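Visitor: I'd like to ask you about the structure that follows.
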Amino acid sequence: MSVYSSTVATMIQDDFFAVSTESDGWGSPTTELRVDLLDQLRAGPVAGVDDLDVAIALSGLVWDELKAYGTDGATRLDNEQIALAQRALKATLHRIGIELDFPWRNFESFKTHWIKNECSGSWQARRVQLEEFFGPVQQQLDKLEEAQFRAVNAEAVSPHTNTGWPKVDVELTELRRRFRCAATTQDYRDVGNRSVAVLEAASRTVYDPAVHVRDGETELSPDKTKLRISRYVEDSLAGKDNEAIRGVVVKTIELAHSVKHSTEPSRREAGISADSVIMLANILRRVNQDF
16 MSVYSSTVAT
26 MIQDDFFAVS
36 TESDGWGSPT
46 TELRVDLLDQ
56 LRAGPVAGVD
66 DLDVAIALSG
76 LVWDELKAYG
86 TDGATRLDNE
96 QIALAQRALK
106 ATLHRIGIEL
116 DFPWRNFESF
126 KTHWIKNECS
136 GSWQARRVQL
146 EEFFGPVQQQ
156 LDKLEEAQFR
166 AVNAEAVSPH
176 TNTGWPKVDV
186 ELTELRRRFR
196 CAATTQDYRD
206 VGNRSVAVLE
216 AASRTVYDPA
226 VHVRDGETEL
236 SPDKTKLRIS
246 RYVEDSLAGK
256 DNEAIRGVVV
266 KTIELAHSVK
276 HSTEPSRREA
286 GISADSVIML
296 ANILRRVNQD
306 F
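All the letters of the sequence shown, read from the start, carry residue numbers 16 to 306 under our numbering.
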C-alpha cells in the first residue's frame, strides 16, 4: 500500500523500495531503496503514515537484512544503505517512545560484532544474537500495536478484554485489525464483511437448538444470523422493559450488512458499524452473565 495515500496507510517492507529505471540482465524490472523516504523518517514523521506502522515494517526489514547478511548473504541493501535504514529506524522508534542503540554501524561492523561475541562459526548463533537484540523491541511494538487496536474501536466497560468466546474473540481481533488498516472503499466494505463475520460467530455461539427452538418450529439455519441472535436475546431479555435492547440487536445486524453490501461505504460508516458490532458482542456476553 502506498505510503502517500490521502489517509493513514499501513506500511510493509516493500514500501521502502521503488521500481528502478534500470532492468536486470533478463530485462525484468528491479527495485531500489527509497533513500529519500528514509532520510525523511530520520528527520521526523512522514505525512500519511503512522510512525508505529513505519517502526514495525522498518524493524522487520533491518532485522531480515542483518539476518540475511549473517547467514546466506542474500541481502537487498548494501553497506551504506543498512546504515541509513538503522538510523531511520532508531529515529522512528524514538518518536514512539522506544530506544534502540545499535552496537554496530553497518554490515561490516555487524560482522566484527558477531566475531567478537563468538558467533563466527554458526549461522544459528547469529540468528539467536539478533533475536535477543530485536526481540524486546518487537515485544514493545506488539504492545503498542495492541493498545492502538483497542483505541481505534469501541471497548467494553467490562474489566475483561475479551468476551471469553474464542471464535468471537478471533473475529473481533480481525475486525479491529481490518478497520485500522482500512484506507479505501474496498477496505471499508471489507470492514462490513468482518463485522458480519463477528455476528456469524456470535450466532453459532449463543444459539442453542435445545433451548431456543420453540414448539412447532425447526432449527434456524446458520445463515439466519439475525433471527438466531434475536431469539437468544428474546429468551433472555423478554418483556417490554427490554424492548430497546432487543431493538439494538436488530439495528446493529442490519447496519453491518448495509456496510457489507454498500457500493461506496465511507470510513465513518465502517467505523460506526465496527463499533456497533463490538458493542453488541459484549451485550450478548452480558445477557446471561454478570462480568
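Every residue, glycine too, gets a C-beta built ideally from N, C-alpha and C. Please read all numbers here as calculations on a predicted model, not as lab measurements.
(1) Would you call L104 buried or exposed, if buried means 16 or more other Cβ atoms sit within 10 Å of its Cβ?
(2) R282 to T199, Cα distance in whole Å?
(3) Whose C-alpha, out of D223, A225, V206, is nearest the C-alpha of K275?
(4) Looking only at its own chain, which residues have a Cβ that is under 7 Å from the Cβ of Q101, when we skip the five neighbours before and after it?
(5) Suppose the cutoff is 6 Å on Cβ atoms and the five residues either side in sequence are ignored; what does the same chain contact list for R300 look like?
(6) Report the rounded CA-to-CA distance for E80 versus T188, giving the unit in angstroms.
(7) Between which two residues does the alpha helix (DSSP H) containing W78 stretch?
(8) From the DSSP output, in three-state form, read off A33 for me.
(9) Just checking, does the segment 53 to 66 make contact with the segment 105 to 115 on the three C-beta pairs under 8 Å criterion?
(10) Checking the sheet assignment: what are the DSSP bridge partners for T46?
(11) Taking 7 Å as the threshold (C-beta atoms), are I244 and L252 in contact?
(12) Between R142 and W129, is the Cβ-Cβ spacing less than 7 Å?
(13) Which value, in whole angstroms, describes the spacing of the CA atoms of R192 and N208?
(14) Fully enclosed by the segment 90 to 171, which alpha helix (DSSP H) runs are 4 residues long or longer?
(15) At 4 residues or longer, what runs of the alpha helix (DSSP H) sit wholly inside the segment 254 to 288?
(16) For K182, report the span of its alpha helix (DSSP H) as first-last.
(17) Quick one: Cα of A225 to Cα of A89, how far?
(18) Is the Cβ-Cβ distance between S3 and A271 less than 7 Å?
(19) Taking T267 and V292 to be in contact with their CB atoms under 8 Å, please state how far apart those CB atoms are, rounded to whole angstroms.
(20) I'd like to know whether the C-beta atoms of M26 and A72 end up nearer to each other than 7 Å.
(21) Is DSSP giving L214 helix, strand or coil here?
(22) With 16 other CB atoms within 10 Å as the buried threshold, where does N132 fall?
Guide: Working from what's here:
(1) By the neighbour-count definition (other C-beta atoms within 10 Å, threshold 16), L104 is a buried residue.
(2) Counting only the Cα atoms, T199 lies some 8 Å from R282.
(3) Of D223, A225, V206, the residue nearest in Cα terms is V206.
(4) Residues of the same chain with a CB within less than 7 Å of the CB of Q101, apart from the 5 flanking positions on each side, are V77, F117 in chain order.
(5) Beyond the five residues adjoining it in sequence on each side, R300 comes within less than 6 Å, by CB distance, of T178 in the same chain, given in chain order.
(6) Between the C-alpha atoms of E80 and T188 there is a straight-line separation of about 30 Å.
(7) Taken as a continuous stretch (DSSP letters only), the alpha helix (DSSP H) holding W78 covers 66 to 85.
(8) In the structure shown, A33 sits in a strand (DSSP, three-state: E or B).
(9) Contact holds: three or more Cβ-Cβ distances are below 8 Å.
(10) According to DSSP, which records beta bridges pairwise, T46 is partnered with V34.
(11) Cβ atoms of L252 and I244: not closer than 7 Å.
(12) Their beta carbons are not under 7 Å apart, which means R142 does not touch W129 by this criterion.
(13) In a straight line, the C-alpha of R192 is about 13 Å away from that of N208.
(14) 94 to 110, 122 to 131, 138 to 167, all fully within the segment 90 to 171.
(15) Within the segment 254 to 288, the alpha helix (DSSP H) runs of at least 4 residues that lie entirely inside it are, in chain order, 258 to 276.
(16) That run of the alpha helix (DSSP H) goes 181 to 196.
(17) If you draw a straight line from the Cα of A225 to the Cα of A89, it is about 60 Å long.
(18) Beyond the ends of the chain as shown, which are 16 and 306, falls residue 3; an answer cannot be given.
(19) So it is a contact: roughly 6 Å between Cβ atoms.
(20) Yes, Cβ-Cβ distance for M26 and A72 is below 7 Å.
(21) Secondary structure at L214: helix, using DSSP grouped into helix, strand and coil.
(22) By the neighbour-count criterion, in which a residue is buried when 16 or more other Cβ atoms sit within 10 angstroms of its Cβ, N132 is exposed.
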